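Written below as structure tokens is the structure these notes are about.
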Amino acid sequence: MLTCKDFLKELSDYLDEALDPAIRGKLEEHIAECPNCWVITDTTRKTVQIYKGMDPYPIPPDVEARLMAALEKKMAAKQK
Amino acid sequence: MPVSSLTATDEALLVAQAREGDAKAFSELVRRYEGKIFRLAQHVTQNREDAEDVLQETFMKAYEHLDQFQGNSKFYTWIVRIAVNQALMKLRRRKTDKSVSLDETIDTGEDTVVREIAAWDEDPEARYSREELGQILGSAIESLEPPYRSVFVLRDIDELSTEETADALGLSVPAVKSRLLRARLQLRDKLTRYFKRKGDDAFAYL
Chain A
945 MLTCKDFLKE LSDYLDEALD PAIRGKLEEH IAECPNCWVI TDTTRKTVQI YKGMDPYPIP
1005 PDVEARLMAA LEKKMAAKQK
Chain B
6 MPVSSLTATD EALLVAQARE GDAKAFSELV RRYEGKIFRL AQHVTQNRED AEDVLQETFM
66 KAYEHLDQFQ GNSKFYTWIV RIAVNQALMK LRRRKTDKSV SLDETIDTGE DTVVREIAAW
126 DEDPEARYSR EELGQILGSA IESLEPPYRS VFVLRDIDEL STEETADALG LSVPAVKSRL
186 LRARLQLRDK LTRYFKRKGD DAFAYL
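Chains as they are written, first to last, in the numbering used here: chain A, 945 to 1024; chain B, 6 to 211.
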């Protein structure tokens, strides 16, 4: 019988669908009987989804301008 | 041809052109990844000024050492490795009394990070504006220890594979996995405060 601790150890791989079907089956049996682990699984899955859905990170224009200026200087120096 | 392999070919071509000294090709590579590198640098250094230095140093070094890029990993994984090293050097310089490394032994022992168990709303983000949500998510990440933070950002935000993350950070695959698990659980714990279903009381667990 799987304990909650055993379950937690496998949680990441379970969410990433990176487990053998046999182990996966055992974890699913556990979730079906353990409300706490069900909640942890559901909320951890939502955590990962929320971060994946974060807006792409626009680089501030002034930061980009300084980067490009620095690189252009370097590239020009190399080509001389 | 699937889009991903088209992009990969395209990228290999850009790298090859950049190596030949094509400045436009290198600038195109920079434009592709500057946002991600800046975000990663901010997450690791937690300081905008340092992050900007890291961003510049990363692409400068990448340009200088382009001939050392083997092409058997993704270009992005390669520059992430440079960026992480630069960012850690910044951290070390800032905390001269304390060395910082992603390899430091971190406690993955028995203490549990699951403190709150409460069901969340079906659509937990809906309660907050985009700005509020950005702040909540950002400050939750900032509160993670650096070794967890870098792994989480690369795996779950940049969506690198476990192997690519291990490669970029110089960690073993099991180390990436155990840090990712801890990072996810810690974030889950922190976000529960904001996203739990109203009326549900959290209760102690384990």
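A virtual CB, placed ideally from N, CA and C, is assigned to each residue, including glycine.
A quick note: this is a predicted structure, and the numbers were derived from the prediction, not measured.
> In chain order, which continuous runs of the alpha helix (DSSP H) of length 4 or greater are located wholly inside the stretch 119 to 151 of chain B?
Replying inline: 135 to 147
> Nearest to Leu174 (chain B) by CA position, among B:Gly26, B:Ala17, B:Glu57, B:Arg86, is which residue?
Replying inline: B:Arg86
>> Along the stretch 24 to 50 of chain B, where does the CB come closer than 8 Å to a CB of chain A? Name the residues.
In response: Gly26, Ala28, Phe31, Ser32, Val35, Glu39, Gly40, Lys41, Phe43, Arg44
> Does the Cβ of Glu1016 (chain A) have 16 or more other Cβ atoms within 10 Å, making it buried, or fewer, making it exposed?
Replying inline: Answer is exposed; the Cβ neighbour count stays below 16.
>> Under 8 Å, with one C-beta from each stretch per pair, do the stretch 18 to 31 of chain B and the stretch 118 to 131 of chain B reach the 3-pair mark?
In response: In short, these stretches do not touch, since the Cβ pair count stays below three.
> Hey, is the stretch 995 to 1013 of chain A in contact with the stretch 959 to 971 of chain A, meaning 3+ C-beta pairs nearer than 8 Å?
Replying inline: no
> Excluding sequence positions up to five away, which residues of its chain have a Cβ less than 7 Å from the Cβ of Gln91 (chain B)?
Replying inline: Val59, Glu62, Thr63
> Can you find a CB in chain D that lies within less than 9 Å of the CB of Gln61 (chain B)?
Replying inline: In the displayed structure, chain D is absent; the protein chains listed are A and B.
> Leu955 (chain A) touches chain B at which residues, Cβ-Cβ below 7 Å?
Replying inline: Leu186
> Short check: CB of Tyr81 (chain B) to CB of Lys1022 (chain A), under 9 Å?
Replying inline: It is not a contact, given that the beta carbons lie outside the stated cut-off.
>> By alpha-carbon positions, which one of B:Val158, B:Asp172, B:Glu168 ends up nearest to Ala46 (chain B)?
In response: B:Val158
>> Any beta carbon of chain A sitting closer than 9 Å to that of Leu211 (chain B)?
In response: For Leu211 (chain B), the predicted structure reports a pLDDT of 41, less than 50, and the residue's modelled location is therefore unreliable. A value from the coordinates is still provided. By this cut-off, Leu211 (chain B) is an interface position.
>> For a cutoff of 9 Å on Cβ pairs, would you count Lys970 (chain A) as touching chain B?
In response: no
> Between Phe200 (chain B) and the rest of its own chain, which residues show a CB-CB distance below 7 Å, the 5 nearest in sequence each way excluded?
Replying inline: Trp125, Asp126, Pro129
> Could you give the uninterrupted runs of the beta strand (DSSP E) lying entirely in the stretch 168 to 194 of chain B, keeping only those of 3 residues or more?
Replying inline: none
> Along chain A, which residues have their Cβ under 8 Å away from the Cβ of Lys182 (chain B)?
Replying inline: Ser956, Asp957
> What number of angstroms, rounded off, separates the C-alpha of Leu190 (chain B) from the C-alpha of Val20 (chain B)?
Replying inline: 38 Å
> So, helix, strand or coil for Lys953 (chain A), using DSSP?
Replying inline: If DSSP states are grouped into helix, strand and coil, Lys953 (chain A) belongs with the helices.
>> When you compare the CB positions of Leu96 (chain B) and Val35 (chain B), do they come within less than 9 Å of one another, or not?
In response: It is not a contact, given that the beta carbons lie outside the stated cut-off.
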